[in-house]
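>
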Amino acid sequence: MSSFYTRMSAKVPTGLTQPTKSFKKHVWFSILGLFLFIVLYFSLTIWFAKLAYNLFIDANNFDGHFWNYLLAAGFGFLSLFMIKSLFFLDKKEKNPMQLYINKEDEPLLFDYLYKLADEAGAPRPHKVFLTDRVNASVSYDISFLNLLIPSKKNLEIGLGLVNVLSLGEFKAVLAHEFGHFAQKSMLLGRYVYVAQRVAHKIITKRDAFDSFLAGLSSIDIRISWVGWILSILVWAIRSLIEVCFSVVIIAERALSREMEFQADLVAVSLTGSDALIHALYKLQIADEAYANTITCINDDLQDKKAIEDMYVLQTNYIQQMAKVLDNPSYGKSPEIPQENREKHRIFTSAKYNPPKMWETHPADIDRENNAKKTYIYEPIDNRVSWDLFSKPSFYRKELTSRIIKTSKVETTLISNDDSIKKQNDTYFDWLFLNPKYHSTFFQRQPFLNFKTSDLLFEADVPSKPTKDDFDKLYPKSISSKISLLQEIQQEIAALIISQNEAITIEKRRIWHRGNEVKRNEIPDLLDSLNKEADEIQQELIAHDKRCRTLHFKASNHINGEVGIYLKELTKLVHYSEHSISSIDDIRNSFNHTLIIALADGNVSTSELVDILKLANEYYGVLRRIYLHGNEIKLSTELLKNMNIESYSSLFEEFKLTPPDKENINNWVNVIDGWSNVAINALQKLRNESLELLLETEESVKNAYLKQQQLDIKASSFSIPEKYDTLVTGNERKVKQELSMWDRFIVGDGLIPSIAKFGISASIVFAALFYGNYSQKLPLYIYNGLQTNVNVSLNNDTYYIPPNTSKKLQLNYGEKYHTITTTLEGDIIEEDDFEFNDHSAHIYNIANAGVFMEYPIFYGYNYTPSGINERSFLGAKKWFSTKVDYILEEPPTSISLSSSSSGEKRHALHAYSDIAPESIMSMVSDSIQLNNVIKTHSKWDHEDSKYLVMWMYYLNQVPNGIDIPKSRLIKNPTELISLRAMQDLSDSLSHKSICEKNTQLLLDSPNNPDYFYLATRCIENESEKNSQFIKGFEKWENHNWLAYAAGNCYSEIGAYTKAYKAFDAVKNKGLQELIANNAERIKRVLNNTLKEKKYTTIIDNEEINYYNSLETGNIEEKSTNPDYVYYLLHKGEINKAYELAQKFEESKTYALRLIGASKGATKRMITSALNISDKEGVNLNNVWSTLALSIKNKKDYQQFLSFFEPIKLNQKYINKLVSLIKSKKYTQVDKHISKLDLRWKAQTYIMANIILDGDIPQKWKQFYKGALFANEKPYLL
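Going by full-length UniProt numbering, the first residue of the sequence shown is number 1, and it counts up by one from there.
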């Protein structure tokens, strides 16, 4: 096999095909535009979906109402509306006009293609298809997978192109396509295509979603308003997507132009600068010839006939047109001059150039300039392109057969010669197309310039014309004038379009005759062009009149009937041309009006009036022409030429009804069929009557010049006296511009597009904004401070008492500014916050409360797992939660399904009104812990229960002394703050503070506050205690002196007096401090005295809790770890031991008490002794733990560190153990005389365990009263 491929001999400059800066710039613009569109699309889709989900969850979880569910459904609908556009699964159908060929079928062609691709540096085509068209193009399959994995490129070769181009020109076209193969920017095309399909689906597709909206909008108004709102939102989304995607399209168009230029340069580098330009020139003619070929095929199909090879018709068309135009070079490759080849241009600049950005392919002149900017001469291979194919005849016939099969008409095959003859007869074998007429009648209707046919006979010509007069008719210059007039008319039409088109985002530059013009210059240009056109038109009119008149004058010298006959024929042509023009004019006006009315997708009342008005005019024009079909009588000769029996046979009965509001939709669908029948009949009449007119004029001329007679009879025709005429220039004025509303709806122009974008974007983002702010989420404001506060959120203020919460419904995404103040207006804190997740949110004022999440079990008839699952959240200021019950008492029962064995719920509880040490034990974060201590110390009310204790813990906080200082600024005499100043001061400042306090007493000796403060400064403990007792005796109602005296009495064992002093304390905070001690003293007195007359002084939750451990009044005993201590108190040690195993958190503490109890089994004792040294040990059980170790001869030194908080060192404990072992009871009492009664009682417990119960009875009575059930083992 010999190869047809030859490489170019000319040298190609380096870098010729490299992408230009402009190319790269447009690539980046396209990428940016596409990226922004994708971001917009997915952002809206995800945003709508997220809003729908969040609104539904919020409505479901947080007391949402119908409105939230409705919004969730609406945004869900919009999200689905967006998502559905991704699934544009078009049904893939095999294209019957694609004929797949491979290397085995056409080795010579593929060798040529592969070598060309290799030389171009492009990938070889994956598949090659032959088609019937005048085309060569790159194609590839599109799927979502191909967005990630590049698809292989296919090559289409149209036989309509092969049939016209030489091999060299064909190579240039292929090289251009391979230039595209090599362009990486083609990747963008895939993404733009997919994006375009998505956008198209959103903008134009009407489906079940729209039907649903239409149905929803048409029912009861109580529901239909939902459909109206959704319809507006759908319109806004479609409009926003349309406007935004138009920017992508503009950028892609600009890039496409650059890609064409760059692909052209690839072709130049492989075939030279001329071959591609010659191909472009011939392809315009090839397209025209192909279009005529298709028309011929359709004409044959009307007669159920089919041609064998359609390409013979394409070739014949080009040959015949060369004759018609009297241009032998028509359809052939232009000659390349020998000199100044680089300056030679085939395409001259059109006098009007459309905006470059508007077309994806550049203008031919621009492509020629680009190709010849760096001119490379290379001879063009003039061999026939068909030589590359081994079976050209087969492919020509096969594709012809395939295109005919698409009609689904049973046909009879006719020969190529018969088809060519019919093509010639129909389109070329007309006298009026004879070159001698120099295009006077080619694509021109000269009789339209005359209102009546008689006007054609009014030229000033000699009454006796000469041969010279006839010879001067139809000069060659007439063709140029006709061409010039048509060109000027095209200029006028183009300028009118530019004048009326809207200003767009594209930079549409207007060029006229090589000069750029401004829009405001167009009216002057139009005036000038109209004058030029009118001058030429008048010359042509004069020529047309001269031709008719001259022959008419000559006919008068033959006989009178010949002249009448000429006028009848002229009138027939005049009638047919004006009738055709009338139909075309009204049809154009009607269709234009219809297009403008439908531009916005909706026909207004005024638009419908305009449509109906023109439709009735349209109807009237057609009706009159159909009636003329019965009136017009033709000569036998003309009927024979037309191959009909009568003119009326070309028409059917006119049954079309007049248009009205009810039938206009159906009427629009059928009107073109009626008008096409009329136009075909009129065109046939025009051609045949014009043909006969010219033949008769030729006969008249010859007879006249030869002085012969003609046997022609007049009155052979019957033509309507009156018919519609439309003189050139009197056409209906069509509306050039859309109304402002229509321009807005379709986004026609820069300002309407901006307005459409602005309004649609405003609607969409207003909906999103409203959706965000319609997400009502609960905010619980908890006041853990022991003082009343006001909380201001933006412009609203809420009063919140201590230890309570306020539930608010706030908007998701909205920023809030909070100001929390005391009732006196002192600012506690300011903060800014916004919801950042879809949960309930907690605002814990000033970190004052601590929180715990815990489970609640309903319906279980067994102990479920996770029963002790508690989560301490600390003292966060802001946090979110998704528990079922928030800061409320959970219900005691819930409804369960019959199949449910139980349900687990969760609750959130806040702690603030409990002992500080309990709160502090729930806070693991040191920063939070410091904040809790400081905030309570600073803001709790002076009379609050735990302020004293909070003040005490300020010693753990850096710069804790600043807190009482700040309180003293507001209240300089506040005793609790003055007391805290003493406690928190260092040694140097403490002396100074005490001196000031002593001086205050000296200045005010009867002030009990100053007495108390001064007494605290006494260093000698005995003297200090004595003074406290004296102060209490003097001021019995002074809380602080009563508190101090009670402790002093308790220390020396004067429990009766201690009880009396504690009973005098009325301050809540001090009562909390003494509550446990007072209760212990009460219990000791009642346990050691015969008369049990002492009652509880401070009845609080903690005291009640401790008492419940002894009474057994405990809820949910089987799931409550406190029940272990009740069982232990009652001596039910085995039950206590078994129950303790269930509670991991408290198990080791309880087991230590159980192991030390009287009656503990070996297993219990072993379990207690085997617990790791520091696990489950505190000051309440370290005494019994140490005693158990001693009793079982175990080392106890590891436990001594637990006594450090009460300042008992190793020496002290070891001596105490020694005295107990020695049973020196009196010395033991003396050794522990300074201990608090609680620790004295624990000493007696330790002694009981070590000595196995051999201790004084009064010790037993003492610890039984002084200790609560969870602080001691079971002992007799």
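Glycine included, each C-beta is placed from N, C-alpha and C at the ideal position.
Note that the coordinates shown come from a computational prediction; the quantities given were computed from them, not determined experimentally.
Express the C-alpha separation of residue 409 and residue 559 in angstroms, rounding to a whole number.
Straight-line Cα distance between these residues: approximately 53 Å.
> With a cut-off of 8 Å, does the C-beta of residue 901 fall near any C-beta of chain D?
Of the protein chains in this structure there is only one, and it is not chain D.
> Under 8 Å, do residue 818 and residue 789 count as touching if we go by C-beta distance?
Going by C-beta atoms, residue 818 is not nearer than 8 Å to residue 789.
> Quick test of your reading: residue 546 and residue 473, contact by CB under 8 Å. State the CB separation rounded to the nearest angstrom.
Correct: roughly 7 Å between the Cβ atoms.
> Using a Cβ-Cβ cut-off of 8 Å (strictly less than) and excluding sequence neighbours within five positions of residue 356, which residues of its own chain qualify?
Residue confidence for residue 356 is low, a pLDDT of 34 falling below 50, so the modelled location carries little weight; the figure read from the coordinates is stated next. Correct list, in chain order: 257, 362, 363, 366 and 509.
> Tell me, to the nearest whole angstrom, how far the beta carbon of residue 726 is from that of residue 581; I am working on the premise that it is less than 8 Å.
Indeed, because the Cβ distance is near 5 Å, the residues count as touching under 8 Å.
> In chain order, which beta strand (DSSP E) runs of at least 3 residues are fully inside the segment 812-838?
Taking only runs of at least 3 residues, the beta strand (DSSP E) segments lying wholly in the segment 812-838 are 816-822 and 827-833.
> Taking contact to mean at least 3 C-beta pairs separated by less than 8 Å, is the segment 592-604 in contact with the segment 691-702?
Touching, no.
> DSSP state of residue 267, grouped into three classes?
Here residue 267 sits in helix by DSSP.
> Between which residues of its own chain and residue 831 is the CB-CB distance below 7 Å, once the five residues before and five after are set aside?
Excluding residues within five positions, the ones whose Cβ falls inside 7 Å are 818.
> Could you please give me the residues that DSSP links to residue 878 through a beta bridge?
Bridge partners of residue 878: 843.
> State buried or exposed for residue 967, treating a residue as buried only when at least 16 other CB atoms are found within 10 Å of its CB.
By the neighbour-count rule (16 or more Cβ atoms within 10 Å), residue 967 is buried.
> Where in the segment 1112-1176 do unbroken runs of the beta strand (DSSP E), each at least 3 residues long, occur, reported from the N-terminal end onward?
Listed in chain order, nothing qualifies, since the segment 1112-1176 has no complete beta strand (DSSP E) run of 3 or more residues.
> Which of the three DSSP states is assigned to residue 809 in this structure?
Residue 809: strand per DSSP, three-state reduction.
> Take residue 990 as the anchor and find which of 970, 1013 and 122 has the nearest alpha-carbon.
The shortest Cα separation from residue 990 among 970, 1013 and 122 belongs to 1013.
> Would you mind sorting residue 493 into buried or exposed? The rule is 16 or more other CB atoms within 10 Å of its CB.
By the neighbour-count rule (16 or more Cβ atoms within 10 Å), residue 493 is not buried but exposed.
> Nearest by alpha-carbon distance to residue 1157: which of 519, 1246 and 116 is it?
Measuring from the Cα of residue 1157, the nearest candidate turns out to be 1246.
> Quick one: using the 10 Å Cβ neighbour count with 16 as the cut-off for buried, is residue 300 buried or exposed?
So residue 300 counts as buried.
> Applying the 10 Å Cβ sphere with the 16-neighbour rule, what's the burial state of residue 100?
Residue 100 is exposed by the Cβ-count criterion.
> How about residue 995: is its Cβ closer than 7 Å to a heavy atom in the ligand FAD?
What this structure holds is no ligand at all, so the ligand FAD is not there to describe.
> Kindly give me the distance between the Cβ atoms of residue 579 and residue 625, rounded to whole angstroms, as I take these residues to be in contact under 8 Å.
Right, their Cβ atoms sit about 6 Å apart.
> Measure the alpha-carbon distance for residue 1228 versus residue 1047 and round it to whole angstroms.
If I take the Cα positions, the gap works out to 21 Å.
> In chain order, which alpha helix (DSSP H) runs of at least 4 residues are fully inside the segment 503-561?
Counting only runs of 4 or more, we get 522-556.
> Residue 796 by DSSP, collapsed to three states: which one?
Three-state DSSP puts residue 796 in a strand.
> What does a CB cutoff of less than 7 Å around residue 144 pick up in its chain, not counting 5 residues either side in sequence?
Note on residue 144: pLDDT 49, under 50, position unreliable in the model; no value is reported.
> Whose C-alpha, out of 584, 458 and 517, is nearest the C-alpha of residue 549?
Measuring from the Cα of residue 549, the nearest candidate turns out to be 458.
> Counting only runs of 4+ residues fully inside the segment 296-343, write out the alpha helix (DSSP H) ranges in chain order.
Complete alpha helix (DSSP H) runs here, min 4: 311-324.
> Taking only the alpha-carbon atoms, compute the straight-line gap between residue 536 and residue 480 and give it to the nearest angstrom.
When rounded, the distance between both Cα atoms is 10 Å.
> Helix, strand or coil, according to DSSP, for residue 710 in the structure here?
Reduced to three states, the DSSP call for residue 710 is coil.
> Residue 839 and residue 880 look like a contact to me (Cβ under 8 Å); what is the Cβ gap, rounded to whole Å?
The Cβ separation is near 4 Å, so the contact holds.
> Output yes or no for whether 8 Å exceeds the beta carbon distance between residue 1160 and residue 1150.
It is not a contact, given that the beta carbons lie outside the stated cut-off.
> Given a cut-off of 8 Å on the beta-carbon distance, is the pair residue 564 and residue 714 in contact?
Closer than 8 Å, so yes.
> Bridge partners for residue 967 per DSSP, in chain order?
Answer is none; residue 967 lacks a bridge partner.
> Between which two residues does the alpha helix (DSSP H) containing residue 910 stretch?
No alpha helix (DSSP H) holds residue 910; the beta strand (DSSP E) holding it covers 903-911.
> In whole angstroms, give me the CA-to-CA distance for residue 77 and residue 43.
About 16 Å.
> On the three-state DSSP scale, how would you describe residue 922?
Residue 922 falls in the coil class under three-state DSSP.
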